[in-house]
Ligand code: ADP
Ligand code: MG
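In my numbering, the protein residues as written are 403 to 768.
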């Protein structure tokens with residue numbers, strides 16, 4: 403089921419007397435989620451992710467704009483008639499019901515033609531439980547399960563009515579690191595098996611990048627960029643997106659273009675042919691540095707961290723806006739740890755320039 407958002411906007415009245423302006427939680431969203439794909443909705447806390455999801459599920463109504471599921475306009479349809487499965491950060495299971503009863507719960511309220519027999523319900527529960535691999539836990543109560551198992555129950559409950567769209571709001575945030583990794587792989591597997599159009603909300607860029615077919619990066623209620631995770635990483639449209647994606651984060655410097663030379667302080671790091679003289683932000687991915695004795699970028703060496711396959715060089719530079727610069731270098735390259743300085747050349751395709759005031763990308767040719 404394809405989902406289309408058209409100029410979707412949600413305003414909340416201000417609660418702050420000193421600042422009576424409305425909060426625009428979702429600001430003029432237009433995009434189409436292709437059928438059967440998993441979309442990661444990504445952005446910092448408060449950027450409007452949950453509000454977007456609530457508008458799609460019908461828990462909240464938009465101030466303006468439209469929502470379509472396939473060709474159906476569902477904008478004014480109540481949540482129970484939209485056919486959405488919802489999973490939240492808090493698993494929201496009923497503690498006094500067994501796993502089986504929890505999963506069955508959404509089926510028991512079906513009325514009229516949709517009403518199911520006991521046997522039909524039992525069959526659907528088994529199928530949903532099988533999908534999330536909790537068949538053996540059906541007679542337990544939620545407090546007899548781990549966090550990861552509880553979240554699987556919540557996912558089974560969301561799947562049991564065979565929704566048209568699956569919506570997940572930070573579903574992994576309450577899990578510890580190992581379970582988070584495992585459960586995100588599970589969600590991907592379930593999504594692929596069911597081919598359900600799925601929207602996965604997270605503030606964790608690594609999580610979104612790892613499981614999404616497409617990510618939507620948001621800031622302050624506004625979509626910044628939509629694309630395949632790798633494409634957005636390789637080609638960010640603005641400084642915010644460049645900084646939001648990637649671990650370790652991208653390294654940002656104050657720089658300037660002078661007669662075709664890209665300068666960071668006194669270091670002449672690249673020749674760029676098509677940019678008029680101006681101040682710029684220079685952002686370099688950690689993997690964009692090349693260790694080179696006569697390299698143009700001279701940094702003060704702080705530390706060398708060996709991470710097996712790679713070496714992470716921690717350094718500083720007076721024009722760096724990050725406290726430390728992190729460069730990831732192949733472990734085969736010898737680093738002189740005794741030296742006070744370290745010199746790098748840069749890989750041009752790992753270097754991005756952004757305007758000083760607009761913070762928009764400036765494309766360059768080398
Ligand atoms: P996220 O899920 O990305 O953290 P939310 O969608 O929860 O963000 O919130 C987006 C913005 O809308 C925030 O500034 C938040 O304070 C505001 N907001 C959310 N819900 C309400 C509400 N019911 N009333 C007023 N403001 C709200
Ligand atoms: Mg939220």
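Backbone N, C-alpha and C define an ideal beta-carbon position, used for all residues, glycine too.
Is any heavy atom in the ligand ADP found nearer than 7 Å to the beta carbon of residue i?
i           : result
residue 447 : yes
residue 531 : no
residue 848 : The question about residue 848 has no answer here: the residues shown for the chain are numbered 403 through 768.
residue 610 : no
residue 450 : yes
residue 406 : no
residue 425 : yes
Going by the DSSP bridge assignment, what does residue i pair with across the sheet?
i           : result
residue 348 : Within the shown structure, residues of the chain are numbered from 403 to 768, placing residue 348 beyond reach of any answer.
residue 475 : 470
residue 754 : 685
residue 747 : 692
residue 621 : 624
residue 413 : 426
residue 715 : 706, 729
residue 669 : 666
residue 766 : Looking at the DSSP assignment, residue 766 forms no beta bridge with any residue, so it has no partner.
residue 596 : In DSSP, residue 596 forms no bridge with anything.
residue 699 : 746
residue 408 : 468
residue 722 : 655
residue 603 : 443, 571
residue 680 : 659
Among the options, which one has its Cα closest to the Cα of residue i?
i           : options            : result
residue 615 : 437, 417, 422      : 437
residue 673 : 755, 405, 547, 620 : 755
residue 470 : 458, 488, 462      : 458
residue 649 : 675, 635, 407      : 635
residue 414 : 626, 647, 464      : 464
residue 604 : 682, 424, 593, 489 : 489
residue 632 : 623, 521, 579, 610 : 610
residue 512 : 439, 564, 531, 461 : 564
residue 584 : 569, 612, 567      : 612
residue 483 : 496, 404, 567, 411 : 567
residue 572 : 705, 456, 671      : 456
residue 658 : 468, 537, 629, 757 : 757
residue 666 : 644, 617, 403, 682 : 682
residue 697 : 676, 671, 689      : 671
residue 589 : 447, 440, 472      : 440
residue 680 : 662, 689, 687, 505 : 662
residue 656 : 647, 500, 721, 645 : 721
residue 763 : 645, 699, 736, 719 : 645
residue 581 : 554, 569, 515      : 554
residue 569 : 737, 602, 508, 485 : 602
residue 606 : 542, 705, 447, 752 : 447
residue 748 : 759, 760, 700      : 700
residue 783 : 737, 705, 736      : There is simply no residue 783 to check, as the chain begins at 403 and stops at 768 in what is shown.
residue 640 : 539, 504, 753      : 753
The ligand MG heavy atoms versus the CB of residue i: any closer than 7 Å?
i           : result
residue 412 : no
residue 621 : no
residue 572 : yes
Using a Cβ distance threshold of 8 Å, determine whether the stretch 427-434 contacts the stretch 558-574, with at least three qualifying pairs required.
no
When the Cβ atoms of the stretch 692-699 are set against those of the stretch 738-749, are three or more pairs found closer than 8 Å?
yes
Segments assigned beta strand (DSSP E), at least 3 residues, entirely inside the stretch 636-662:
653-660
Determine contact between the stretch 437-455 and the stretch 509-528, defined as no fewer than three beta-carbon pairs at a distance below 8 Å.
no
State whether the stretch 588-598 contacts the stretch 709-723, with contact taken as three or more CB pairs (one from each stretch) at a distance under 8 Å.
No, because fewer than three Cβ pairs between the stretch 588-598 and the stretch 709-723 fall closer than 8 Å, the two stretches do not touch.
Kindly confirm or deny that the stretch 639-653 and the stretch 732-742 touch, where touching means at least three C-beta pairs closer than 8 Å.
no
Check whether the stretch 532-551 and the stretch 489-504 are in contact - that is, three or more C-beta pairs closer than 8 Å.
yes
Quick check for students: name the residue ranges of the alpha helix (DSSP H) that lie wholly in the stretch 530-593, counting only runs of 4 or more.
With a minimum length of 4 residues, the continuous alpha helix (DSSP H) runs that stay inside the stretch 530-593 are 549-561.
Can you list the alpha helix (DSSP H) stretches of 4 or more residues lying completely in the stretch 445-522, in chain order?
Fully enclosed alpha helix (DSSP H) runs of 4 or longer: 451-459, 501-510.
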